[in-house]
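Asks:
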Amino acid sequence: MSMLDQLDRLTIRKVSSAEPYNEDDEVTIKDPKKIRDMLKLLKDVELKKIQGIDTSKRNSHYYEWRLLINKEGRFSEGFGITFYNEHAVSIYSEHNTRDSLQDYQITNELNMNEMERLFEKLKEEA
Numbered sequence: 001m002s003m004l005d006q007l008d009r010l011t012i013r014k015v016s017s018a019e020p021y022n023e024d025d026e027v028t029i030k031d032p033k034k035i036r037d038m039l040k041l042l043k044d045v046e047l048k049k050i051q052g053i054d055t056s057k058r059n060s061h062y063y064e065w066r067l068l069i070n071k072e073g074r075f076s077e078g079f080g081i082t083f084y085n086e087h088a089v090s091i092y093s094e095h096n097t098r099d100s101l102q103d104y105q106i107t108n109e110l111n112m113n114e115m116e117r118l119f120e121k122l123k124e125e126a
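Under our numbering, the first residue of the sequence shown is numbered 1, with each subsequent residue one higher.
1. CA-CA distance, Asn113 and Gly73?
2. Does the pairing of the region 31 to 40 with the region 74 to 89 give three or more beta-carbon distances under 8 Å?
3. Look at Thr11 and Lys48 and say whether their C-beta atoms are less than 8 Å apart.
4. Exposed or buried, what is Leu162 when buried is set at 16 or more other beta-carbons lying within 10 Å of its beta-carbon?
5. Given a cut-off of 8 Å on the beta-carbon distance, is the pair Asp8 and Asn70 in contact?
6. Would you say the beta carbon of Asp31 comes nearer than 7 Å to a heavy atom of the ligand HEM?
7. Just to check my reading of the structure: Ile50 and Gln105 have Cβ atoms closer than 8 Å, yes? What is that Cβ distance to the nearest angstrom?
8. Which whole runs of the alpha helix (DSSP H) in the region 49 to 93 are 4 residues long or more, in chain order?
9. How many whole angstroms separate the CB atoms of Val45 and Leu110, which I take to be in contact at a CB cut-off of 8 Å?
10. Take Asn59 and list the residues in its own chain whose beta-carbon comes closer than 6 Å to its own, dropping the five residues that flank it on each side.
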């Protein structure tokens, strides 16, 4: 990201494994400071590329993050991150034409409880 790039919006969707198309559990953040605060949850997460995710170990719900970045005021670039559980994540990049979706194993800890707490707080503020 260059100095002129700006975080445009972060949409977080809590998806029920039983009802994946329920749109009620979604929040959009447009304040760059709040977006950075959410991204700080991921700063220490260590990832290892894997070939596929075992979806049988999915929690009762998972999170989809869609981040839109304004690239120097000329165009927008999007990224998607799906957090299946504390150990599995998929990352999607609109920028890449090949390997645009990649699965990863989280090799250290991801605090899903903190993600849940912040998500609920953001929903209350909206």
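Built from N, CA and C at the ideal position, the CB exists for glycine as well.
Here the structure is a predicted model, which means the values were calculated and not measured.
Replies: On the basis of the supplied data:
1. In the sequence shown, the residue the question calls residue 113 occupies position 113. In the sequence shown, the residue the question calls residue 73 occupies position 73. Approximately 35 Å, taken between the alpha carbons.
2. no
3. The residue you call residue 11 lines up with position 11 of the sequence shown. The residue you call residue 48 lines up with position 48 of the sequence shown. Contact: no.
4. Because the chain is modelled from 1 through 126, residue 162 falls outside the range shown and cannot be assessed.
5. Your numbering for residue 8 matches position 8 in the sequence shown. Your numbering for residue 70 matches position 70 in the sequence shown. A contact, by the Cβ cut-off of 8 Å.
6. Of ligands this structure carries none, so the ligand HEM is not represented either.
7. Taking the first residue of the sequence shown as position 1, residue 50 is located at position 50. Taking the first residue of the sequence shown as position 1, residue 105 is located at position 105. About 5 Å; that satisfies the 8 Å criterion.
8. none
9. As a working mapping, residue 45 is identified with position 45 in the sequence shown. As a working mapping, residue 110 is identified with position 110 in the sequence shown. Their Cβ separation, rounded to whole angstroms, is 5 Å, which keeps Val45 and Leu110 in contact under 8 Å.
10. Mapped onto the sequence shown, residue 59 falls at position 59. Contacts found: Asn85.
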